[in-house]
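What follows is one structure encoded as structure tokens, with my remarks underneath.
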Amino acid sequence: MTLMTNGLESGVPKNGPNPWRVITFLSPSGDARAKLSRRYPNPYGNVKKNKISQFFVGKIDNERRHDQSVALLRCRRDRRRISGCRDEAAANPFGGTSIRNLESQLGLRLLDRDGYRVTLTDHGRSFHDRARVLLADFTLLGKHASQLAMGEEAELRIVLGDLCPLPEVLGLLRHFFKGCPETRLHLYFEAISGPWERLFDNEADLIVHHIDKTDPRLEFIDLFADTLLPVVAPNFLPFPISKAITPEQMRGHVQCVIRDTALRWPARDYYLIEGARTWTVSDQQMKKEIILQGMGWGHMPGFMIADELRDGRLLSIAGKHLRGGGGEIVAARRRDAPHGPVANRLWSFVAAQAPALNATIKRRGPRRY
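Heads up: the sequence shown begins at 715 in this note's numbering, then just goes up one per residue.
Put into structure tokens, the structure is as follows:
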């Protein structure tokens, strides 16, 4: 963090608080960092040398870094027990003293030390919010510098969701990566919450799936909208097919559902009838085959079953009570992450091809059934 300070401090008034010293004021010597890291391994990864991030982000921001903050607070509790002191300066000689120095520089009281627990003042909370933004910008700047140094990406990671039309999307990727012989493509298939988990765990550069479009962390390209229809094989049900079939009538029949591939995210169930016997499968193609075999029933994307609906191998039971649903499939990536030249060219290519893909899926989809 001290790399840019000499050139940027020249325009700062000497009698005023220096904004760049805010970044460097909590950087202890190398020996001190080594001693701390050996005894108290730091859980913060890329920001481990920046004590302001430990104090403001680690201690206060429990929303996004719960596990890490628990580890950090445990270390602080150990130091307090050893020192026999509840004051943050004595418990953490680098962080506490430096925070007091910062308060003296700024002429502000950032921490309320009157109670048993040290908390942020109103000024401290405002300063904390701005510090988080500044630290995030520095993190992105470092990533961007690394990306510039690497040149074109050696690899890209793309996740295809369970509602993705594989022939069409793979055709787009094949066409694009013909012009990128030096970039290795890693393709993953995930279902339900799996694509989101990989994206937010920084294990994917791009996903093709449905998303929460209100999430400000994401940017997306609309690809197509499709209908999910509840379908059965002929003679699967012991009663006539009609639009008046109720969930209660279907509860006694096996419902085939896709397994959520997310490892840590809460599992989600779509269109699941409570109390019904279920069979789980890994992908839509296997689910389709099970339904065709009369082993169960379930919701399928319209573009995958249009031919079967036309020739009668599958029958729609959508109606007043089993309405089916719809999904908007998009290409999405993180807005807050740097993207290299190949990723940006792929993004522009997908945006240009989106109308043609949408038209193809519409042609493949079913009419009214």
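Virtual Cβ for every residue (Gly too), placed ideally from N, Cα, C.
Since we're looking at a predicted model, the values are computed, not measured.
Cα-Cα separation between residue i and residue j, rounded to whole angstroms
i            : j            : result
residue 996  : residue 946  : 19 Å
residue 942  : residue 813  : 56 Å
residue 1053 : residue 871  : 12 Å
residue 1072 : residue 1010 : 30 Å
residue 835  : residue 825  : 5 Å
residue 1066 : residue 972  : 31 Å
residue 888  : residue 811  : 58 Å
residue 732  : residue 850  : With a pLDDT of only 48 at residue 732, under 50, the local geometry of the prediction cannot be trusted, and no value is derived from it.
residue 1069 : residue 938  : 8 Å
residue 875  : residue 1041 : 12 Å
residue 1032 : residue 867  : 46 Å
residue 980  : residue 1047 : 21 Å
residue 940  : residue 852  : 41 Å
residue 989  : residue 1017 : 29 Å
residue 1063 : residue 913  : 20 Å
residue 929  : residue 916  : 16 Å
residue 933  : residue 829  : 44 Å
residue 957  : residue 967  : 17 Å
residue 948  : residue 1002 : 14 Å
residue 1035 : residue 901  : 38 Å
residue 975  : residue 994  : 12 Å
residue 992  : residue 1079 : 27 Å
residue 815  : residue 848  : 19 Å
residue 959  : residue 924  : 28 Å
residue 944  : residue 865  : 48 Å
residue 920  : residue 1075 : 21 Å
residue 859  : residue 918  : 20 Å
residue 785  : residue 817  : Because residue 785 sits at a pLDDT of 48, beneath the cut-off of 50, its placement in the model cannot be relied upon, and the following sentence gives the value as read from the coordinates. Distance between the alpha carbons of residue 785 and residue 817: 26 Å.
residue 856  : residue 819  : 27 Å
residue 963  : residue 1006 : 20 Å
Delimiting residues of the alpha helix (DSSP H) encompassing residue i
i            : result
residue 911  : 908-914
residue 953  : That residue, residue 953, is in no alpha helix (DSSP H); it is neither H nor E in DSSP.
residue 1012 : Residue 1012 -> not in any alpha helix (DSSP H); beta strand (DSSP E) instead, spanning 1012-1015.
residue 931  : Note, residue 931: premise wrong, no alpha helix (DSSP H); not H, not E.
residue 964  : 961-964
residue 1000 : 998-1006
Enclosing beta strand (DSSP E) for residue i [first to last residue]
i            : result
residue 993  : 992-995
residue 1046 : 1039-1048
residue 869  : 869-874
residue 921  : 920-923
residue 884  : From DSSP, residue 884 is part of no beta strand (DSSP E) but of the alpha helix (DSSP H) over 880-891.
residue 901  : 898-903
Closest Cα partner of residue i within the set the options
i            : options                 : result
residue 880  : 839, 1023 and 1015      : 1015
residue 1004 : 969, 891 and 1037       : 969
residue 903  : 873, 1027, 1075 and 984 : 873
residue 821  : 986, 838 and 1000       : 838
residue 1021 : 1013, 1077 and 977      : 1077
residue 1060 : 818, 844, 1029 and 899  : 899
residue 841  : 823, 831, 815 and 855   : 823
residue 977  : 905, 859, 854 and 816   : 905
residue 910  : 1030, 926 and 1051      : 926
residue 936  : 878, 993 and 975        : 878
residue 1058 : 859, 855, 890 and 817   : 890
residue 897  : 869, 1028 and 959       : 869
residue 854  : 1051, 827 and 1074      : 1051
residue 1037 : 965, 961, 1006 and 999  : 961
Backbone secondary structure at residue i - three-state DSSP
i            : result
residue 840  : helix
residue 936  : strand
residue 1070 : helix
residue 974  : coil
residue 969  : strand
residue 1064 : helix
residue 980  : coil
residue 832  : coil
residue 1091 : Beyond the ends of the chain as shown, which are 715 and 1083, falls residue 1091; an answer cannot be given.
residue 848  : helix
residue 826  : strand
residue 1028 : coil
residue 741  : With a pLDDT of 40 at residue 741, under the threshold of 50, the modelled position of this residue cannot be trusted, and the question is left open.
residue 818  : helix
Nearest-angstrom beta carbon gap, residue j and residue i [assumed within contact, 8 Å]
i            : j            : result
residue 982  : residue 907  : 6 Å
residue 950  : residue 1008 : 5 Å
residue 1056 : residue 894  : 6 Å
residue 832  : residue 883  : Residue 832 to residue 883, Cβ: 52 Å. No contact.
residue 1049 : residue 931  : 6 Å
residue 696  : residue 1026 : Residue 696 falls outside the range modelled here, since the chain spans only 715 to 1083, and no answer is possible.
residue 1019 : residue 1028 : 5 Å
is_contact[residue i, chain D] using C-beta, thresh 8 Å
i            : result
residue 1053 : This model lacks chain D altogether; it includes just one protein chain.
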